Amino acid sequence: MKLKLSDIPAEGLELTAALPSDPWLREVVREAFQKGPGAKDEAVVDLLIEKACDNVRLKGVASLDLERECDRCLAAFCYHSSVPIEMTLTPLPD
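Residue numbers (this note's numbering): 664 to 757.
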């Protein structure tokens with residue numbers, strides 16, 4: 664997902680993304696778990712994106728419910744995780 668700094672209003676930008684409707688979130692899940700999300704997998708990201716001078720601040724939470732298979736016994740199980748997100752992104756110097 665690409666977002667221009669000029670597209671972020673002074674009050675911030677609220678963003679919600681979910682599987683399967685947001686392709687960039689599907690790619691994030693694929694990279695994080697070395698496997699693409701399945702048909703029953705659910706992921707939701709709620710973010711507040713704010714400008715902080717030339718930086719961008721992200722605050723929110725990512726929630727995942729992924730159906731996975733045990734490497735030992737091959738039984739299916741549900742993996743749930745809820746991860747807080749708080750980071751500041753700084754542009755590279757020219």
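We treat Cβ as the ideally placed atom computed from N, Cα and C, and that holds for glycine.
On a predicted model such as this, the values are computed, not experimentally measured, just so you know.
- Item | Among GLU690, ALA706, VAL707, ASP728, nearest to GLY699 - alpha-carbon criterion | In the sequence shown, residue 699 corresponds to position 36, counting from 1. Comparing alpha-carbon positions, the option among GLU690, ALA706, VAL707, ASP728 lying closest to GLY699 turns out to be GLU690.
- Query: Taking Cβ positions, are ASP704 and LEU688 nearer each other than 7 Å?
  - Reply: Counted from its first residue, the sequence shown places residue 704 at position 41. Counted from its first residue, the sequence shown places residue 688 at position 25. No; because the gap between Cβ atoms is not below 7 Å, this pair is not in contact.
- Message: In the DSSP output, which residue or residues are listed as bridge partners for GLU749?
- Response: The residue given as residue 749 occupies position 86 in the sequence shown. Residue pairing by DSSP puts GLU749 in a beta bridge opposite LYS722.
- Provide the residue(s) that pair with ARG693 in DSSP beta bridges, ordered along the chain. In the sequence shown, counting from the first residue as 1, residue 693 sits at position 30. Paired residue(s): none; ARG693 is not in a bridge.
- Are the segment 710-717 and the segment 736-745 touching by the rule of at least three beta carbon pairs closer than 8 Å? Touching, no, given that fewer than three Cβ pairs across the two stretches are closer than 8 Å.
- Message: Please report the straight-line C-alpha distance between ARG731 and ALA681, rounded to a whole angstrom.
- Response: For this step, residue 731 is matched to residue 68 along the sequence shown. For this step, residue 681 is matched to residue 18 along the sequence shown. If I take the Cα positions, the gap works out to 19 Å.
- Which value, in whole angstroms, describes the spacing of the CA atoms of VAL724 and ALA673? As a working note, residue 724 is residue 61 in the sequence shown. As a working note, residue 673 is residue 10 in the sequence shown. Rounded to whole angstroms, VAL724 and ALA673 show a C-alpha spacing of 21 Å.
- Message: Whole angstroms are fine: how far does the CA of GLY701 sit from the CA of VAL746?
- Response: Here residue 746 refers to the residue found at position 83 of the sequence shown. Here residue 701 refers to the residue found at position 38 of the sequence shown. Each residue's Cα considered, the two are about 20 Å apart.
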